[in-house]
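Participant: As they're listed, the protein sequences go chains R and S. Just so we're aligned: 16 in the UniProt record's numbering is position 16 of the first sequence, and the numbers increase by one with no gaps anywhere. Just so we're aligned: 50 in the UniProt record's numbering is position 50 of the second sequence, and the numbers increase by one with no gaps anywhere.
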Amino acid sequence: MKILVPVKRVVDYNVKVRVKPDQTGVDLANVKMSMNPFCEIAVEEAIRMKEKGLAEEIVVVSIGPAGAQETIRTALAMGADRGIHVTTDAIVEPLAVAKILAKIAGEESPELIILGKQAIDDDANATGQMLGALLGWPQGTFASKVEKDGDTLKVTREIDGGLQTVSFGLPAIVTTDLRLNEPRYASLPNIMKAKRKPIDAKAPEDYGVDLTPRLEVLKVAEPPKRQGGVKVETVAELVSKLKNEAGVL
Amino acid sequence: MATLVIAEHDNKSLNEATRAAVTAAKKMGGDIHILVAGQGAKSVADEAAKVEGVAKVMLAESDALGHKMAEALESLVLSIAEGYDAILAPASTVGKNFMPRVAAKLDVMLISDITSVESADTFIRPIYAGNALMTVKSSDKVKVITVRPTTFEKAGDGGSASVETVSAPDAAAKSAFVSEELSKSDRPELGAAKIVISGGRGMGNGENFAILEKVADKLGAAVGASRAAVDAGFVPNDYQVGQTGKVVAPQLYIAVGISGAIQHLAGMKDSKVIVAINKDEEAPIFSVADYGLVADLFKAVPEFEEELSKIGY
Ligand SMILES: Cc1cc2nc3c(=O)[nH]c(=O)nc-3n(C[C@H](O)[C@H](O)[C@H](O)COP(=O)(O)OP(=O)(O)OC[C@H]3O[C@@H](n4cnc5c(N)ncnc54)[C@H](O)[C@@H]3O)c2cc1C
Ligand SMILES: Cc1cc2nc3c(=O)[nH]c(=O)nc-3n(C[C@H](O)[C@H](O)[C@H](O)COP(=O)(O)OP(=O)(O)OC[C@H]3O[C@@H](n4cnc5c(N)ncnc54)[C@H](O)[C@@H]3O)c2cc1C
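#1: Skipping 5 residues on each side, what residues in its chain have a beta carbon closer than 8 Å to that of G53 of chain R?
#2: What residue from R:V248, R:A246 and R:V239 has the CA that sits closest to S309 of chain S's CA?
#3: In chain R, which residues lie less than 7 Å from E303 of chain S when you measure between Cβ atoms?
#4: For K246 of chain S, I'd like the list of residues in its chain whose CB is within less than 8 Å of its CB, leaving aside the five on either flank, ordered along the chain.
#5: Among S:E213, S:R148, S:R227 and S:V108, whose alpha-carbon lies nearest the alpha-carbon of V22 of chain S?
#6: Between the alpha carbons of A132 of chain S and E222 of chain R, how many angstroms are there, rounded?
#7: Just the C-alpha distance for I285 of chain S and I277 of chain S, rounded to the nearest angstrom, thanks.
#8: Give a yes or no on whether 7 Å exceeds the smallest Cβ distance from M203 of chain S to chain R.
#9: Report the neighbours of P138 of chain R on chain S: residues whose CB is nearer than 7 Å to its CB, in chain order.
#10: So is D121 of chain R buried or exposed if we call it buried at 16+ other beta carbons inside 10 Å?
#11: For the beta strand (DSSP E) that contains E145 of chain S, what are its first and last residues?
#12: So if I measure from each beta-carbon to every heavy atom of ligand 2 and keep distances below 5 Å, which residues remain?
#13: In the DSSP assignment, find the unbroken beta strand (DSSP E) run with H264 of chain S in it and report its ends.
#14: Within 7 Å of any Cβ in chain S, is that where the Cβ of A124 of chain R sits?
#15: Between which two residues does the beta strand (DSSP E) harbouring F168 of chain R extend?
#16: Quick one: what does DSSP say T71 of chain R is sitting in, helix, strand or coil?
#17: With R101 of chain S as the anchor, note down where its alpha helix (DSSP H) starts and where it stops.
#18: Determine whether the Cβ of E93 of chain R lies closer than 7 Å to any Cβ atom of chain S.
#19: Using a C-beta cutoff of 7 Å, does A102 of chain R count as contacting chain A?
#20: Under three-state DSSP, which class holds N181 of chain R?
#21: Taking D200 of chain R as the reference, which of R:D22, R:N14 and R:A68 has the closest Cα?
#22: In chain S, what lies closer than 7 Å to V26 of chain R by C-beta?
#23: What did DSSP end up calling residue 291 of chain R once you bin it into helix, strand or coil?
#24: For S116 of chain S, which beta-bridge partners are listed by DSSP?
#25: Is the shortest distance between the beta-carbon of E216 of chain R and the beta-carbons of chain S less than 7 Å?
#26: Let me know if K141 of chain S comes out buried or exposed under the rule of 16 or more other beta-carbons within 10 Å of its beta-carbon.
#27: What number of angstroms, rounded off, separates the C-alpha of E205 of chain R from the C-alpha of K103 of chain R?
#28: Does any residue of chain R have a CB that is nearer than 7 Å to the CB of I285 of chain S?
#29: For the beta strand (DSSP E) that N190 of chain R lies in, which residues bound it at each end?
#30: Answer with buried or exposed for D81 of chain R, where buried requires no fewer than 16 other C-beta atoms within 10 angstroms of its C-beta.
#31: With T23 of chain S as the anchor, note down where its alpha helix (DSSP H) starts and where it stops.
#32: Quick one, are the C-beta atoms of T146 of chain S and A91 of chain S less than 7 Å apart?
#33: Measuring only the C-alpha atoms, how far is S198 of chain S from G161 of chain R?
#34: How do the region 178 to 190 of chain S and the region 52 to 64 of chain S stand: do at least 3 beta-carbon pairs fall below 8 Å, yes or no?
#35: Mind checking S62 of chain R: buried by the 16 CB within 10 Å criterion, or exposed?
#36: Using CA atoms only, rank isn't needed, just tell me which of S:V44, S:D113 and S:G38 is closest to V77 of chain S.
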């Protein structure tokens, strides 16, 4: 089985982003960038399947600016086999990302595509499902457990009320939730080895996909700031304030 | 203009999140129709028909729809999408699962998790864990939108729409339901509760959540948790509040033994009143709390419960 893992380079989850004063976006100059945490989980899951002998090859793809190559290298250092970098400085919405990925799936014929459930910058939670629809493949989203049984995949999903398990045949889409696994750190020798693994350089034009955004960003604003309140000394004071001052008890 | 709202429900009753989506639809203008897709869900359709401002309710039933399978919902919604200018669903795990598929098939960009309707084509949605609010204008012919339920009023009753049955297309079953393990609780649902009390890593273990549950039962509150508490196995996954869990905005949110990471704040900072109980006075949670108590939770929470008894709870 061949597994395709799309990975996105995003602002590191520890960074508290600032909105630009002119409200055109957030300030990304000199902030730390990392692989989207849900994509790390996706790469890890693919590697574990390979280690169990369930997969032969793992191909990672990233669509984004030059820096995204670093993200691909990180995935290669974790254990993926090769990369595809579709270089663009344009804003690429999940619909366009899904269209490019659908074209790549056509060329590579993976049996499984594992994506993150959401990217922690734009929080769209859409790409995997869109790709599933474009390819006409079944999906197991928000996965906390993935089991392969012959040609079927059984996926346990984190849903609002608890857990749901679904099963489907391949090829298929899986999107990862937080508790699927704990991604490994790449070891130094593997980081060195990853430098020699191949990355195919591509451009969006190679796939003939129109990247024009459908959503025009009119403004990016700071959310209303919450004022920190007061410290209370005792539990009795807390309850009294909640009852008499805030009126919520 | 006509808007299709896809109902959130458990095949028995209508989830309140649907009423929030109806309010968002009203702000866009035009006729509002509700689709109830489920199995044995007639009572849900009857309830939906009473929601104020709804002109028509459609009921579609099949086994796969009863289990909210994304592929089945996708083909059903596509089969009736013609003629609608907008399709809305609550941003629940069900909506997030199938709505992007509908959008992709209609060749439009999904507008996820909106918190405000500015006009029929312009919306606000949070990005970067709610640290920025993006106003977007969609140029797509059909707007496919998921709605954050906590930021819209819940449409009340007062309507008397007709209910008609529509047939569910028998799409080749690409995906099969295996099983479901739902958390059983008599407490209110996290997303709908007026009061939420959440525990973090500071709770130490799952048994200790009993002290929060006692308070919750007194107050009729829901119990939530931080990711750290869920990852450690103290409580089930559906308790998680935050950027990548549930977003809540109750009248009162009580954070116990939670440090206040941005990912957690993203899920609760729109609560009306926030209380934090934490032994570390430097914990970031205090910067958003209306009332902060620096104390050991194992002492403070039982005391809190006693104080509640004194005022009649
Ligand atoms: C005018 C404008 C300004 C914008 N400004 C910003 C901005 O400042 N910062 C910003 O981050 N976004 C911005 N966006 C949005 C951004 O370009 C994309 O729409 C958004 O990042 C994609 O959504 P997502 O990553 O949340 O997708 P999700 O659906 O949440 O991603 C889920 C998964 O899909 C895969 N995936 C997603 N994207 C890629 C990719 N490029 N390559 C490989 N795999 C991928 C990954 O596996 C990921 O885990 C802007 C959009 C517009 C129109
Ligand atoms: C991709 C990604 C997504 C994430 N999504 C979420 C999300 O949706 N929701 C979420 O919550 N987190 C999320 N996180 C995790 C988040 O970054 C934090 O790690 C997490 O919220 C910390 O949980 P905590 O506050 O319970 O634990 P900690 O940060 O360890 O805080 C524990 C607190 O308990 C206090 N404490 C300990 N003992 C006591 C005591 N006896 N009495 C009083 N106080 C005590 C301590 O002072 C401390 O402040 C995400 C992280 C990533 C990378």
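Where is the CB? At the ideal position from N, CA and C, for every residue including glycine.
Facilitator: If we stick to the structure as given:
#1: Excluding sequence neighbours, G53 of chain R sits near nothing in its chain.
#2: The shortest Cα separation from S309 of chain S among R:V248, R:A246 and R:V239 belongs to R:V239.
#3: Under the 7 Å cutoff, chain R gives V235.
#4: Excluding its 5 nearest sequence neighbours in each direction, K246 of chain S has C-beta neighbours in its own chain below 8 Å: L190, G191, G224, D238, Q240 and G267, listed in chain order.
#5: Distances from the CA of V22 of chain S to each of S:E213, S:R148, S:R227 and S:V108 were compared; the closest alpha carbon is that of S:R148.
#6: Rounded to whole angstroms, A132 of chain S and E222 of chain R show a C-alpha spacing of 5 Å.
#7: Between I285 of chain S and I277 of chain S, the C-alpha separation is close to 9 Å.
#8: In terms of beta-carbon proximity, M203 of chain S stays away from the interface with chain R, with every pair separated by 7 Å or more.
#9: Within 7 Å Cβ-Cβ: E71, K174 and S175.
#10: In the assembly as shown, D121 of chain R is a buried residue. Its beta-carbon has 16 or more other beta-carbons within 10 Å.
#11: It should be noted that the sequence gives Ile, not Glu, for residue 145 of chain S. Unbroken beta strand (DSSP E) run through I145 of chain S: K143 to V147.
#12: That gives R:Y13, R:P37, S:G200, S:R201, S:G202, S:S226, S:R227, S:A228, S:G242, S:Q243, S:T244, S:G245, S:G257, S:I258, S:S259, S:A261, S:Q263, S:H264, S:N278, S:K279, S:D280, S:A283, S:D296 and S:L297.
#13: First-last for H264 of chain S: I262 to L265, but that is the alpha helix (DSSP H), not the beta strand (DSSP E).
#14: Interface residue, yes.
#15: First-last of the beta strand (DSSP E) with F168 of chain R: G162 to G169.
#16: Reduced to three states, the DSSP call for T71 of chain R is helix.
#17: Its alpha helix (DSSP H) spans residues T93 to K105.
#18: Closer than 7 Å: yes.
#19: The chain inventory of the structure shown lacks chain A, comprising the protein chains R and S.
#20: For N181 of chain R, the three-state secondary structure derived from DSSP is coil.
#21: Taking only the C-alpha atoms, the option nearest D200 of chain R is R:A68.
#22: Contact of V26 of chain R with chain S by beta-carbon distance below 7 Å involves Y128 and A132.
#23: Residue 291 of chain R falls outside the range modelled here, since chain R spans only 1 to 249, and no answer is possible.
#24: S:I124.
#25: For E216 of chain R, the answer is yes, since a Cβ of chain S falls inside 7 Å of its Cβ.
#26: Burial call: exposed.
#27: Pairing E205 of chain R with K103 of chain R, the inter-Cα distance amounts to about 12 Å.
#28: Taking Cβ atoms only, chain R never reaches closer than 7 Å to I285 of chain S, which makes this a no.
#29: DSSP places N190 of chain R outside any beta strand (DSSP E); the residue lies instead in the alpha helix (DSSP H), whose first and last residues are L188 to A194.
#30: It is buried - the Cβ of D81 of chain R has at least 16 other Cβ atoms within 10 Å.
#31: Element bounds for T23 of chain S: E16 to M28.
#32: Yes.
#33: Going by the C-alpha atoms only, they are around 17 Å apart.
#34: These segments do not touch.
#35: Label assigned to S62 of chain R: buried.
#36: Cα-wise, what sits closest to V77 of chain S is S:G38.
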